[in-house]
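Before any comments, here is the structure.
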Amino acid sequence: MSPTAPAPLIEFAGVSKVYPGSAEPAVDRLDLAIARGEFLSLLGPSGSGKTTTLMMLAGFESVSAGTIRLEGQPIETLPAHRRNLGVVFQSYSLFPHMTVAGNVAFPLQMRKVPAAEAAQKVRAALQRVRLEAFADRRPAQLSGGQQQRVALARALVFEPSVVLMDEPLAALDKKLREEMQLEIRRLHRELGVTMVYVTHDQGEAMSLSDRVAVFHRGRIEQLGAPAELYDRPSGAFVAGFVGDNNAASGRIAGREADGRLVHLSVLGREGTLVGRCSDALAAELNLTPAPARPVSLNVRPERLRVLQGAEASGGSVWEPPLNRWPASVVDLIHQGDHWRLIAHIAGADNAAPWVVKLPAGQAPAGLAPGTAVVLGFAPDDAWVF
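Residue numbers for the sequence shown follow the numbering used here, beginning at 93 and rising by one.
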């Protein structure tokens, strides 16, 4: 941290969680700093450690090792009710016998806020989530989206410095989920509250977050802004988990003079493809320039082009600056705003088909299953891990 950088609101320092009887830690020596007012998403597959991290911060799971600090003070031994954090769960956890207003008022009652002040805070919280007209209803009389709004109002009513959310939209249908994403974005922007959000939905994390921490096997694989994770993934796991990705195995056959681009022999064919070297791989090659090192070539579907005419036949199919790869069409699917072309890449009998995203109205004519095509992509659009 630079001398002028503000201290983080939340800090995990060497935090681990090991469950009894488990051979592997659920969270492994986690270091993470969260700024005041930030929206941070913890993203990853089931069992990656993201929910355990949130539950340790909330106080619902104990810490096996390390320290969690809130505003500079250790809280790992502090009971959950004394951490003053708002929490929103996937299951809503509303009291069915209470009205909407009663549910929202509950945290204030536990804090012994005077009745008149509590009533004012409840009205304000319901106005924020646009449910003031539903104050006297019971949870069973509400839709799923409305119940989640009540849970959000309850988490905000006592004005916590941090709101934690554990997959809060997972139970909603697509339309309601998108509406609630907009609602959460609006509340974060208006209130400036720090939000820590757990999800396995990469689209949701990309839409909501200032930064995203991608978890894998109890550790953070990459932490950064959504655009950084998508455009500059740190490795094959992040490239495959965040957004759509095409991958092929190969071996390094050479390196450009500046070290930024590497040449690969792919699938045992003659000639090479050219791709951008990841920072981690570049560092390894600087130490040990192994020309035959196995690597993975990764290309986003929207970065691929279907080449025709002179573009497709221009020079060797492996000739830079544009990589060319013969393929055959498996399927072409219209998805509204784009076409999704599925292609089998030549010489890759055991590889998964590659996906090409083509803008609506720009799919080349004559594409049908079995059609021979050439896929083209620029070296800077192909990441090598």
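Don't be surprised by glycine CBs; every beta carbon is placed ideally from N, CA and C.
Only a predicted model underlies this, so the values are computations on that prediction, with no experimental measurement involved.
Is the CB of residue i under 8 Å away from at least one CB in chain C?
i: G158; result: The chain labelled as chain C is not found in the depicted structure, where only one protein chain is given.
Could you give the C-beta distance for residue i and residue j, rounded to a whole number, given that I count them as a contact under 8 Å?
i: L52; j: L256; result: Look at the range of the chain in this structure, 93 to 477, and you will see that residue 52 is not part of it.
i: A172; j: A150; result: 6 Å
i: A374; j: G351; result: 6 Å
i: V304; j: P318; result: 6 Å
i: A340; j: L389; result: 5 Å
i: R222; j: L248; result: Between L248 and R222 the Cβ distance is about 13 Å, and since that is not below 8 Å, they are no contact.
List the residues that DSSP assigns as beta-bridge partners of residue i.
i: E103; result: A125, R161
i: D258; result: F181, V290
i: A340; result: L389
i: H308; result: R311
i: D423; result: I434
i: V285; result: Beta-bridge pairing links V285 to no other residue.
i: S108; result: A157
i: F469; result: N415
i: S357; result: R343
i: K449; result: R432
i: F131; result: M287
i: V398; result: L467
Cα separation between residue i and residue j?
i: V447; j: E394; result: 9 Å
i: D123; j: Q454; result: 46 Å
i: P471; j: K109; result: 41 Å
i: D473; j: R309; result: 28 Å
i: I160; j: Y289; result: 17 Å
i: A105; j: G158; result: 6 Å
i: D258; j: A435; result: 38 Å
i: H292; j: T463; result: 36 Å
i: L467; j: W417; result: 5 Å
i: G129; j: P445; result: 42 Å
i: A345; j: D302; result: 38 Å
i: K142; j: F307; result: 6 Å
i: W410; j: W431; result: In this prediction, W410 scores a pLDDT of 43, lower than 50, which makes its location untrustworthy; the coordinate-derived value is nonetheless stated afterwards. Distance between the alpha carbons of W410 and W431 is about 26 Å.
i: T191; j: R281; result: 28 Å
i: E348; j: M298; result: 33 Å
i: A419; j: A372; result: 30 Å
i: E224; j: S154; result: 37 Å
i: A457; j: G428; result: 17 Å
i: A208; j: P100; result: 35 Å
i: Q239; j: I276; result: 14 Å
i: Y111; j: V119; result: 10 Å
i: F469; j: Q314; result: 25 Å
i: Q273; j: P260; result: 10 Å
i: L170; j: G164; result: 14 Å
When the Cα of residue i is compared with those of the options, which residue comes out closest?
i: V391; options: V466, G335, Q165, A438; result: G335
i: A210; options: L135, G194, R222, A225; result: G194
i: F131; options: E296, V155, Q201; result: E296
i: N415; options: Y111, R368, L459; result: R368
i: D423; options: A345, P451, L459, H430; result: L459
i: G237; options: A216, T191, A247, E270; result: E270
i: S253; options: A305, L234, M272, T286; result: T286
i: E531; options: I102, S140, R343; result: The shown model of the chain, from 93 to 477, leaves out residue 531, and the question about it has no answer.
Could you give the uninterrupted runs of the alpha helix (DSSP H) lying entirely in the stretch 168–244, keeping only those of 4 residues or more? Here the runs fully enclosed are 192–202, 207–220.
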